[in-house]
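**Q**
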Amino acid sequence: MRVHILADAAATAERAADIVEGAIRSTPHPGIGLATGSTMVGVYRSLARRCREGTLSFSEATVYLLDEYIGLDADHPQTYRNVITRSFTELVDLRNDAVFAPDCQAPDLDGEARRYDRLVRAAGIDIQLLGIGGNGHIAFNEPGTPFDAKTNVVSLSEATRRDNARFFDSLDDVPGNAITQGIGTILQAKQILLVAQGSHKSRPVRDALEGPVSTETPASAVQLHPNVAVVLDREAASLLSNLRPES
Ligand code: GLP
Numbered sequence: 684m685r686v687h688i689l690a691d692a693a694a695t696a697e698r699a700a701d702i703v704e705g706a707i708r709s710t711p712h713p714g715i716g717l718a719t720g721s722t723m724v725g726v727y728r729s730l731a732r733r734c735r736e737g738t739l740s741f742s743e744a745t746v747y748l749l750d751e752y753i754g755l756d757a758d759h760p761q762t763y764r765n766v767i768t769r770s771f772t773e774l775v776d777l778r779n780d781a782v783f784a785p786d787c788q789a790p791d792l793d794g795e796a797r798r799y800d801r802l803v804r805a806a807g808i809d810i811q812l813l814g815i816g817g818n819g820h821i822a823f824n825e826p827g828t829p830f831d832a833k834t835n836v837v838s839l840s841e842a843t844r845r846d847n848a849r850f851f852d853s854l855d856d857v858p859g860n861a862i863t864q865g866i867g868t869i870l871q872a873k874q875i876l877l878v879a880q881g882s883h884k885s886r887p888v889r890d891a892l893e894g895p896v897s898t899e900t901p902a903s904a905v906q907l908h909p910n911v912a913v914v915l916d917r918e919a920a921s922l923l924s925n926l927r928p929e930s
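Just so we're aligned: the sequence shown equals residues 684 to 930 in my numbering.
If you want it as structure tokens, here you go:
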């Protein structure tokens with residue numbers, strides 16, 4: 684595991700974008716796994732800027748979302764599909780047919796989860812972006828999720844719904860369910876890039892990187908993966924005991 688500790692959130696976004704750019708350049712048809720959340724906003728902004736400036740192209744890439752809420756209308760601004768469209772995919776030169784997400788309008792949601800799992804595994808993800816939830820979740824895999832879980836329909840914990848309530852008018856509007864890639868699916872990616880910023884992420888970051896590998900901290904599953912980059916700002920890294928120099 685390579686841990687990069689940077690001065691601030693802006694620097695983490697640039698470093699994370701550098702790592703994504705490296706992965707894109709190393710393969711002719713990159714598969715990129717996208718995470719949703721505030722953490723990724725700066726990363727996507729940096730990647731979009733590189734594309735606008737003509738130094739990086741996504742024209743040969745295909746992207747796969749990690750997860751999607753169940754119960755929102757397809758045109759709701761907070762579906763992850765719509766968030767990713769606004770913050771990333773419409774800002775770069777991806778082909779229109781190169782963006783995939785779980786379809787939570789499907790009549791058979793369990794069947795849709797199985798279909799999406801097969802799609803992602805068959806595609807092969809070259810680099811998977813991951814944020815981390817306040818309770819250590821990755822994608823929408825809550826504490827207690829087995830590490831071999833496939834893409835499935837999940838219930839969101841109260842903690843996760845509260846964390847994400849800032850994107851909705853009220854807590855009651857936050858969906859209670861989602862389809863998420865399972866931890867087993869995520870671990871199939873060739874490379875994982877975990878990004879965290881801010882002191883509110885310091886505890887889950889410490890538990891994920893230095894705590895025991897335990898389903899109580901879903902993000903600790905990254906310790907089982909052979910090719911992981913972690914990009915943190917100083918605040919998110921502040922509880923790590925193996926203090927590493929900035930790099
Ligand atoms: C949501 C997403 C996760 C994301 C997490 C953290 O729960 N499903 O993929 O990592 O939020 O979000 P943020 O980056 O906004 O802190």
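The beta carbon of each residue, even a glycine, is placed where N, CA and C say it ideally should be.
Bear in mind the structure is a predicted one, so any value in this text is a computation, not a measurement.
Give the DSSP-derived three-state secondary structure of HIS687 in the structure shown.
**A** Looking at HIS687 - three-state DSSP - the assignment turns out to be strand.
**Q** Between the Cα of LEU774 and those of VAL888, SER742, GLY794 and PRO826, spot the shortest distance and give me the residue it belongs to.
**A** Comparing Cα positions, the closest option is SER742.
**Q** Do you know whose CA, among ARG728, ASP786, GLY720 and ARG708, lies nearest ALA694's CA?
**A** That would be ARG728, whose Cα lies nearest to the Cα of ALA694.
**Q** Is the Cβ-Cβ distance between VAL905 and ALA879 less than 9 Å?
**A** No.
**Q** Closest to ARG685 by C-alpha separation, out of ILE702, ALA696 and GLU697, would be which residue?
**A** The option with the nearest alpha carbon to ARG685 is ILE702.
**Q** Could you tell me the alpha carbon to alpha carbon distance between ASP800 and GLN864, rounded to whole angstroms?
**A** Cα to Cα, the separation comes out at about 7 Å.
**Q** Count the other CB atoms within 10 Å of the CB of THR828; is the residue buried (16 or more) or exposed (fewer)?
**A** Buried is the call here.
**Q** Quick check: the Cα distance between ASN818 and HIS883, rounded to an integer number of angstroms?
**A** Going from the Cα of ASN818 to the Cα of HIS883 covers about 10 Å.
**Q** State the beta-bridge partners of ASN824 as determined by DSSP.
**A** In DSSP, ASN824 forms a bridge with ILE821.
**Q** Between TYR747, GLY814 and ARG797, which has its C-alpha nearest PRO713's C-alpha?
**A** The option with the nearest alpha carbon to PRO713 is TYR747.
**Q** Can you tell me whether ARG849 is buried or exposed, with buried defined as 16 or more other CB within 10 angstroms of its CB?
**A** By the 10 Å Cβ count, ARG849 comes out exposed.
**Q** Pair every Cβ in the stretch 787 to 794 with every Cβ in the stretch 868 to 878, then say whether three or more of these pairs are closer than 8 Å.
**A** Taking 8 Å as the limit for Cβ pairs, the verdict is that the stretch 868 to 878 does not touch the stretch 787 to 794.
**Q** How far does the beta strand (DSSP E) with ILE808 in it reach, from first residue to last?
**A** From DSSP, ILE808 is part of no beta strand (DSSP E); its letter is neither H nor E.
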